[in-house]
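Chemist: Quick one: the structure is below, and I'll ask about it shortly.
There are 2 protein chains.
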Amino acid sequence: MKVTFVDFGRHGDERGMLVALEEGRNIPFTIRRVYYLFDTRPHVRRGYHAHRQLKQIMIAVSGSVKVHLDDGCEVTEVTLDSPYRGLLLESMVWREMSEFSSDCVLMVLADQLYDPADYVRDYQEFCTLAKQERKS
Amino acid sequence: MKVTFVDFGRHGDERGMLVALEEGRNIPFTIRRVYYLFDTRPHVRRGYHAHRQLKQIMIAVSGSVKVHLDDGCEVTEVTLDSPYRGLLLESMVWREMSEFSSDCVLMVLADQLYDPADYVRDYQEFCTLAKQERKS
C-alpha cells in the first residue's frame with residue numbers, strides 16, 4: 000500500500016533545533032486536535048482502529064515507534080524515529096503501533112475533534128467497509 | 000504578573016499515557032501552528048521576543064525548561080516539566096527560555112501562522128509598547 004511521508008524543514012541553528020507545522024503550509028488540513036502518547040509500557044501494542052473520516056499526521060518527536068498499516072487490501076510497516084518526518088494517515092487505514100522506545104513521544108495532529116463515532120474498532124468491520132469503499 | 004496554566008486531562012491506562020489538546024475544548028483558540036524545540040544545546044537561552052497579537056500554549060512534552068516571563072511591568076519565572084500542563088502566553092509577553100534538559104521537547108501551539116511582523120525582538124521597543132498598552 001502507498002505510504003505518504005511529509006518531510007519538515009529544519010529551522011535549527013547553533014542553539015538547537017526547531018520544526019514548525021502549519022495548516023495549509025506543510026500540513027494538508029486544518030489542525031483541530033493535537034495529542035501525544037508517552038510513557039508507553041514495554042511490549043505494548045496500541046491503536047487497533049481505523050477512522051471513517053479523520054485524517055492525521057503522526058510524528059515521533061522523541062524516540063521511535065513502529066507503525067503497522069493496513070488498508071484492507073495490503074499491509075505494511077514503517078518506523079517513525081525522526082522529529083523531521085511525519086506519516087500522513089488518510090481515513091480508513093487500520094493502524095497498530097508497537098515497539099515504543101522508552102523515550103518515545105508520539106505526537107499526532109488531526110483534522111477533527113474527538114468523535115467516538117468516527118472510530119472503527121472491529122477489524123472484520125473494517126475489512127468489510129474497506130472492501131465496500133474500493134467497490135464504490 | 001499573572002501566569003495562566005492549563006491542566007490537561009490524563010487519558011492513560013495500563014498501556015501508557017495520552018494527552019489530547021482540542022481547539023475550543025481545552026485550548027482557548029484555533030490551533031493554526033504547532034512547533035517544537037528540541038536538541039537544544041546546554042546553557043542556551045532562547046526566545047528573546049514578544050508577540051504583538053499571537054497567543055500560544057507551551058508544553059514540555061518531554062524533559063524540562065525554565066521560562067522567564069516579562070509583561071513590561073513585572074517579571075516571573077516558571078518551570079515547565081510536565082506533559083499534563085500548558086503555559087498560556089497571551090500577546091505582549093516577553094519570554095526567554097533556559098535550562099533546557101537534554102531530553103527536553105518544548106511543544107508550542109499557536110493561534111497564528113508564522114508572521115515575522117508579529118514579533119517584537121527589541122526589548123526596549125517591547126517596554127515602550129507595553130507601557131503604551133497599559134495606558135490605552
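Heads up: the sequence lines are chains A and B, in that order. The numbers in numbering that gives the first Met the number 0 rise by one with no breaks, and the one at position 78 of the first sequence is 77. The numbers in numbering that gives the first Met the number 0 rise by one with no breaks, and the one at position 66 of the second sequence is 65. Ideal Cβ positions, reconstructed from N, Cα and C, are used throughout, including at glycine. Treat the numbers as computed from the prediction; the structure is a model and nothing was measured.
#1: What are the start and end residues of each continuous beta strand (DSSP E) run of 3 or more residues lying completely inside the region 34-77 of chain A, in chain order?
#2: Would you check if the distance between the CB atom of S97 of chain A and the CB atom of H50 of chain A is smaller than 8 angstroms?
#3: Find out if the Cβ-Cβ distance for the pair M57 of chain A, L86 of chain A is shorter than 8 angstroms.
#4: Compare the C-beta of M96 of chain B against all C-beta atoms of chain A and say whether one is closer than 8 angstroms.
#5: Any beta carbon from chain B within less than 8 angstroms of R84 of chain A's own beta carbon?
#6: Counting only beta-carbon atoms, is D38 of chain A nearer than 8 angstroms to chain B?
#7: With DSSP as the reference, label R133 of chain A as helix, strand or coil.
#8: How is the beta strand (DSSP E) around V5 of chain A delimited, first residue to last?
#9: P82 of chain B to F125 of chain B, Cα distance in whole Å?
#10: Can you find a C-beta in chain A that's less than 8 angstroms from the C-beta of S101 of chain B?
#11: Checking contacts by CB at 8 angstroms: is M16 of chain A closer than that to chain B?
#12: Beta carbon of V43 of chain B, beta carbon of G62 of chain A: below 8 angstroms?
#13: Within the 8 angstroms Cβ cut-off, does E89 of chain A reach chain B?
#14: Would you mind sorting E142 of chain B into buried or exposed? The rule is 16 or more other CB atoms within 10 Å of its CB.
#15: For V5 of chain A, which option in A:R45, A:D38 and A:L20 has the closest C-alpha, if you only look at C-alpha atoms?
#16: So is L20 of chain B in contact with chain A if we call contact Cβ pairs under 8 angstroms?
#17: Within its chain, find whatever has a CB closer than 6 angstroms to the CB of Y35 of chain A; leave out the 5 residues flanking it on each side and keep chain order.
#18: Could you tell me which of B:T127, B:R133, B:D110 and B:R84 sits nearest to F7 of chain B, measuring between CA atoms?
#19: Under 8 angstroms, do M0 of chain A and T75 of chain A count as touching if we go by C-beta distance?
#20: Select from B:K134, B:S100 and B:W93 the residue whose C-alpha is nearest the C-alpha of Y118 of chain B.
#21: Return the chain-ordered list of same chain residues with a C-beta closer than 6 angstroms to the C-beta of D69 of chain A, the five sequence neighbours on each side being excluded.
#22: Entirely within the region 92-135 of chain A and at least 4 residues each: give me those alpha helix (DSSP H) ranges in chain order.
Modeler: Based on what the coordinates show:
#1: 45-50, 55-61 and 64-69
#2: In this structure, H50 of chain A does not lie closer than 8 angstroms to S97 of chain A by Cβ.
#3: yes
#4: no
#5: no
#6: yes
#7: R133 of chain A falls in the helix class under three-state DSSP.
#8: T3 to D6
#9: 30 angstroms
#10: Nearest CB-CB separation between S101 of chain B and chain A: not below the 8 angstroms threshold.
#11: yes
#12: No, these two residues do not count as a Cβ contact at 8 angstroms.
#13: No - not a single Cβ of chain B is within 8 angstroms of the one on E89 of chain A.
#14: The requested residue 142 of chain B is not part of the displayed model; chain B covers only 0 to 135.
#15: A:L20
#16: yes
#17: V104 and M106
#18: B:R84
#19: yes
#20: B:W93
#21: W93
#22: 122-134
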